[in-house]
Amino acid sequence: MITCYLRYVIDANAIAEFETYAKMWIPLVERFGGTHHGYFLPSEGANNIALALFSFPSLAAYETYRQDSRKDADCQQAYAYAVQTRCIVSYERSFFRPVFE
């Protein structure tokens with residue numbers, strides 16, 4: 001299993017728009033075989049940082065999701081919404097291997 005960690009720099013004036021974007025992606029990741037652990041929006045501290053975590057059974061399964069999502073109309077719509085609203089300034093993606101008891 002791998003977990004994708006996304007750290008977003010968002011427009012602090014477009015948090016509501018980013019939340020709408022986030023809610024679009026949760027079921028999409030799950031539709032493609034991932035497990036979404038949620039988006040985390042600013043609360044205390046920095047007002048322009050948001051996070052997302054989701055897991056796939058393997059890096060290969062994640063890569064399949066990435067390829068297939070580029071062709072999916074709902075995924076394209078979610079991406080277009082982010083571009084249109086400019087709620088995302090930038091993001092970085094890292095991968096982790098979870099350790100359980």
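Under full-length UniProt numbering, the first residue of the sequence shown carries the number 1, and numbering increases by one thereafter. Ideal Cβ positions, reconstructed from N, Cα and C, are used throughout, including at glycine.
A distance below 7 Å between beta-carbons, with the five flanking residues on each side excluded, links Glu-92 to the following residues of its chain, in chain order: Arg-7.
Only buried fits Ser-69, as 16 or more other CB atoms lie within 10 angstroms of its CB. With fewer than 16 other beta carbons inside 10 angstroms of its own, Ala-16 counts as exposed. Non-local C-beta neighbours of Tyr-65 in its own chain, meaning closer than 8 Å and more than five positions away in sequence, comprise Val-29, Phe-32, Gly-33, Gly-34 and Phe-56, ordered along the chain. Around the beta carbon of Ala-80, a 10 Å sphere encloses fewer than 16 other beta carbons of the protein chains shown; the residue is thus reported as exposed.
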